[in-house]
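J.:
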């Protein structure tokens, strides 16, 4: 997958996660961890 | 997302439990609920809003009265609104799970949050679902709920405020989530830069650039930190402003403005009439003074005139004295000089003749003079009468007008008291204050965004410099690659957000203009004000230049208020949804997915003629992924004509009608029949003398 494709895929996943709404601090923290994991996975892949 | 069922218990017009189902069928997306006015259709839209967001429609009367009165009388003090939905991710599954969301209430009020369960699509087994509130706000945030759950009477709310409109459009287009994603990437970049600094601590040149980058990153983080309270404050203000505007609109501001203007005119009129009446009274007194001698002598003169007429005609004048004196001379046959004369003498005849002449000439001369004077007096008195009559007439007119105006003024003030002026003034002040705060916050946030943008550009340049310095040094190259990738991703996302926003506006304009050309009779054109989200309706001939502020100021916000505007507002909501849908189906390029959701629409046709009813119905049928539409009998006849013949027959998923039973007698209330089809005609939807008073839902088999 090209770099551009990786970027598109990453952004699509991030937007999907950011569309989920949560009032709870705990859930928001979990969501942040999940998002960072997704980004890091892509970074590991491209380097 | 699809709505699968709505259930209510003891909710407003509905006593006990009632259910309406919209079975999931991807090919049939239209669900129709037929109901006459006051039978309970808006309550079902309110039930969805209450379940999801804890509120009713903006136009609902007595919004705090949730409990059905009949239930309260029976001692039942609890109820609920429940909605079954299918998650958008499950729509293609043959047996999707059902998310059941319920909000309970009692006679004391509503529960703060809804509760939820998931029913397995195959086994129907139930398990708890902990965050139905979060689920709903993820699928249809309340900020955009007015575009999908449309209350016909409150449709103008969708464009009430330019800033809120922008937020809603960005939200529907998915840009809010995209901005959040950009921030996630930026946060991670800051972390990576800090790591990189640690790795290159012994290289002074790199150290210098790293420090600069980190400082700029820190500055960005600082600005963002400052923005956080702005964002939450703005959300609070936006919500308060929305509510205040709705409340203000509920006070019928247009009516009160007319009443206040009329009151001002009436007060002015009353003052003018009072002054006129005073002037007339003064004039009355003045002319009474001027003509006082004529008025007082009028009755005597009349009598005198009469006396002269009578006496003159029997020869008793010029005077009794002269007559007696001369007659006695003649009787005694004595001249005035004392000399006697005979009856047949010339002297006697001469005196007799002189007496006759004196009677005739003297009388006539004196009468002429006296009558002249009498006539003069009587004429003056007549003049007085004419003038006085004119004054009295205008006085009577002014007095009548004054009485009418005073009566209207009292009624006007009574009506104004009903409008609660104080409340309106307070609300107006609140809206003004909130708008001021909103503008201030928006300005601050824009300023912060511009600063961040500029800092990001500077970081980009420093990154280039740093890459050159690092070259291909092992170990740290990976770190730099990661940072470069994040930069690329951020830049790509920035471009996509910009293009989506600008392109989205053009697309909305295009769809809106297509709708205006296809459906609206006229030559109107829709446009967002350049550089903003201010919606404008222009005549085809108008050409608005970007800097022509004077021309723009003259244009009223075109989509709010009035009969034609209802149509435009529905066009606008449909344009947004169609634009969002068109982007979802486009798979050739990268797109930010927008929101699509069911449309639940209540009585959008109340101000429309049959042509417009059919047109709006067709538009809604074509726009909505799932449409639940509440319509009156006349709208149904206007929109669908006959179920067996209509082209939308194959798209109709369900058809229900509502009835209402009343405890009391009809008391002059007429029946409210509906005609569903040629076979199902003249169904009366109200009944009287019932044991319980409630609205009810009836299903019609359409196959």
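Protein chains in written order, with my numbering: chain A, 892 to 938; chain B, 35 to 737. Beta carbons: idealized from backbone N, C-alpha and C, even for Gly.
#1: Under DSSP, the alpha helix (DSSP H) around residue 488(B) begins and ends at which residues?
#2: Once you ignore the five residues that flank residue 730(B) on each side, which residues in its own chain have a CB closer than 6 angstroms to its CB?
#3: Write down the C-beta distance between residue 609(B) and residue 549(B) rounded to the nearest angstrom, noting that I regard them as a contact closer than 8 angstroms.
#4: Would you say the stretch 715 to 735 of chain B touches the stretch 49 to 56 of chain B, given that touching needs at least three Cβ pairs under 8 angstroms?
#5: If we ignore side chains and look at the alpha-carbon of each, how far apart do residue 581(B) and residue 562(B) end up?
#6: On the CB-based measure, 16 or more other CB atoms within 10 Å of its CB, does residue 307(B) come out buried or exposed?
#7: Counting contacts by CB-CB distance shorter than 8 angstroms, is residue 35(B) in contact with chain A?
#8: At a CB distance below 7 angstroms, what residues from the stretch 503 to 522 of chain B approach chain A? Give them in sequence order.
#9: Counting only beta-carbon separations shorter than 8 angstroms, does residue 219(B) have a partner in chain A?
#10: Looking at residue 491(B): is its Cβ nearer than 8 angstroms to the Cβ of residue 278(B)?
#11: Could you name the residues of the stretch 623 to 634 of chain B whose beta carbon sits closer than 9 angstroms to any beta carbon of chain A, in the order they occur along the chain?
#12: Mind checking residue 896(A): buried by the 16 CB within 10 Å criterion, or exposed?
#13: Beta-carbon of residue 215(B) versus every beta-carbon of chain A: anything under 8 angstroms?
#14: Any beta carbon from chain A within less than 8 angstroms of residue 45(B)'s own beta carbon?
#15: Please say whether residue 687(B) and residue 62(B) have beta carbons closer to each other than 8 angstroms?
#16: Cβ closer than 8 angstroms: which chain B residues qualify as neighbours of residue 893(A)?
#17: Would you report the Cα separation of residue 920(A) and residue 614(B), rounded to the nearest angstrom?
#18: Alpha carbon to alpha carbon, what distance is there between residue 654(B) and residue 554(B)?
#19: Quick one: list the residues of chain B neighbouring residue 921(A), beta-carbon separation under 8 angstroms, in chain order.
#20: To which residues does DSSP link residue 665(B) through a beta bridge?
#21: Shortest alpha-carbon distance to residue 458(B) belongs to which of 290(B), 382(B), 497(B) and 412(B)?
#22: Could you tell me if residue 179(B) is buried or exposed, where buried requires 16 or more neighbouring beta carbons within 10 angstroms of its beta carbon?
#23: Residue 590(B) to residue 175(B), Cα distance in whole Å?
#24: Compare the C-beta of residue 937(A) with all C-beta atoms of chain B and state if any pair is closer than 8 angstroms.
#25: Mind listing the chain B neighbours of residue 930(A)? Cutoff is C-beta to C-beta under 9 angstroms, in chain order.
#26: Excluding the 5 residues flanking residue 246(B) on each side, which residues of the same chain have their C-beta closer than 6 angstroms to its C-beta?
#27: Within 8 angstroms (strictly less), CB to CB, does residue 924(A) reach chain B?
#28: Taking one C-beta from the stretch 38 to 47 of chain B and one from the stretch 94 to 107 of chain B each time, how about it: are there three or more such pairs within less than 8 angstroms?
#29: Taking the C-alpha atoms as reference points, what is the distance between residue 182(B) and residue 633(B)?
#30: By a C-beta neighbour count over all protein chains shown, 10 Å radius and 16 as the cutoff for buried, is residue 925(A) buried or exposed?
#31: Within 8 angstroms, do at least three Cβ pairs link the stretch 194 to 212 of chain B to the stretch 522 to 538 of chain B?
#32: Taking the continuous beta strand (DSSP E) assigned at residue 689(B), which residues delimit it?
#33: Would residue 581(B) count as contacting chain A if we go by Cβ distances under 8 angstroms?
#34: What are the boundary residues of the beta strand (DSSP E) that includes residue 115(B)?
#35: What does a CB cutoff of less than 8 angstroms around residue 936(A) pick up in its chain, not counting 5 residues either side in sequence?
#36: Using C-beta distances below 8 angstroms, list every residue in its chain close to residue 406(B), excluding the 5 sequence neighbours before and after it, in chain order.
T.: On the basis of the coordinates in this document:
#1: Start at 1 with the first residue of the second chain, and residue 488(B) comes out as number 454. Its alpha helix (DSSP H) spans residues 455 to 504.
#2: Here residue 730(B) corresponds to residue number 696 of the second chain, with the count starting at 1. So the list reads 693, once near-sequence residues are dropped.
#3: By one-based count along the second chain, residue 609(B) stands at place 575. By one-based count along the second chain, residue 549(B) stands at place 515. Indeed they touch by this definition, with Cβ atoms about 6 angstroms apart.
#4: yes
#5: The residue given as residue 581(B) occupies position 547 in the second chain. The residue given as residue 562(B) occupies position 528 in the second chain. Confidence at residue 581(B) is low in this model, with a pLDDT of 49, below 50, so its placement is unreliable and the value that follows should be read with caution. Between residue 581(B) and residue 562(B), the C-alpha separation is close to 14 angstroms.
#6: Within the second chain, the letter at position 273 stands for residue 307(B). Answer is buried; the Cβ neighbour count reaches 16.
#7: Counting from one through the second chain, the residue named residue 35(B) turns up at place 1. For residue 35(B), the answer is no, since every Cβ of chain A falls outside 8 angstroms of its Cβ.
#8: 512, 515, 516, 519 and 522
#9: As a working note, residue 219(B) is residue 185 in the second chain. By this cut-off, residue 219(B) is an interface position.
#10: Within the second chain, the letter at position 457 stands for residue 491(B). Within the second chain, the letter at position 244 stands for residue 278(B). Contact: no.
#11: Under the 9 angstroms Cβ criterion, the stretch 623 to 634 of chain B contributes 624, 626, 627 and 629.
#12: Sequence index remark: in the first chain, residue 896(A) carries index 5 (1-based). Flag for residue 896(A) reads exposed.
#13: Here residue 215(B) is taken as the residue at index 181 of the second chain, counted from 1. Yes, its Cβ sits closer than 8 angstroms to a Cβ of chain A.
#14: Stepping through the second chain from its first residue, residue 45(B) is reached at position 11. No, no contact with chain A.
#15: Locating residue 62(B) in the second chain gives position 28, where the first residue counts as 1. Locating residue 687(B) in the second chain gives position 653, where the first residue counts as 1. In this structure, residue 687(B) lies closer than 8 angstroms to residue 62(B) by Cβ.
#16: Here residue 893(A) refers to the residue found at position 2 of the first chain. Going along chain B, no residue has its Cβ under 8 angstroms from residue 893(A), so there is no contact; the nearest lies around 12 angstroms.
#17: For the purposes of this step, residue 920(A) is identified with residue 29 of the first chain, where counting begins at 1. For the purposes of this step, residue 614(B) is identified with residue 580 of the second chain, where counting begins at 1. Looking at the two C-alpha atoms, the distance is approximately 30 angstroms.
#18: Taking the second chain and counting its residues from 1, the one referred to as residue 554(B) is at position 520. Taking the second chain and counting its residues from 1, the one referred to as residue 654(B) is at position 620. Whole-angstrom Cα-Cα distance: 15 angstroms.
#19: Along the first chain, read from residue 1 onward, the residue named residue 921(A) stands at position 30. Near residue 921(A) there are no residues of chain B at all, since even the closest Cβ is about 12 angstroms away, more than 8 angstroms.
#20: Here residue 665(B) refers to the residue found at position 631 when the second chain is read from its first residue. 68(B), per the DSSP bridge assignment.
#21: Taking the second chain and counting its residues from 1, one reaches residue 458(B) at position 424. Checked all of 290(B), 382(B), 497(B) and 412(B); the closest Cα to residue 458(B) is 290(B).
#22: As a first step, residue 179(B) must be located in the second chain, where it is residue number 145. By the beta-carbon neighbour count (other beta carbons within 10 angstroms, threshold 16), residue 179(B) is buried.
#23: Position 556 of the second chain, counted from the first residue, corresponds to residue 590(B). Position 141 of the second chain, counted from the first residue, corresponds to residue 175(B). Model confidence at residue 590(B) stands at a pLDDT of 47, short of 50, so the residue's coordinates are unreliable; what they give is reported in the following sentence. In this structure, the CA atom of residue 590(B) is about 29 angstroms from the CA atom of residue 175(B).
#24: Taking the first residue of the first chain as 1, we reach residue 937(A) at position 46. Answer yes: the Cβ-Cβ gap between residue 937(A) and chain B drops below 8 angstroms somewhere.
#25: Looking up residue 930(A) in the first chain gives position 39. The answer, in chain order, is 218, 219, 222, 520 and 523.
#26: Position 212 of the second chain, counted from the start, is the residue given in the question as residue 246(B). Once the five neighbours on either side are set aside, the close Cβ partners of residue 246(B) are 496.
#27: Position 33 of the first chain, counted from the start, is the residue given in the question as residue 924(A). No, because no Cβ of chain B sits closer than 8 angstroms to the Cβ of residue 924(A).
#28: yes
#29: On the second chain, position 148 is the one that residue 182(B) refers to. On the second chain, position 599 is the one that residue 633(B) refers to. Answer to the nearest angstrom: the Cα atoms are 5 angstroms apart.
#30: Within the first chain, residue 925(A) is the residue found at index 34, counting from 1. Result: exposed.
#31: yes
#32: The residue given as residue 689(B) occupies position 655 in the second chain. It spans 686 to 695 - the beta strand (DSSP E) in which residue 689(B) sits, taken as one unbroken run.
#33: Locating residue 581(B) in the second chain gives position 547, where the first residue counts as 1. Caution applies to residue 581(B), whose pLDDT of 49 falls short of 50 and renders its modelled position unreliable; the value that the coordinates give is listed next. Closer than 8 angstroms: no.
#34: Within the second chain, residue 115(B) is the residue found at index 81, counting from 1. Start and end: 112 to 120.
#35: Residue numbering aside, residue 936(A) sits at position 45 when the first chain is read from its first letter. The residues are 897.
#36: By one-based count along the second chain, residue 406(B) stands at place 372. There are no such residues.
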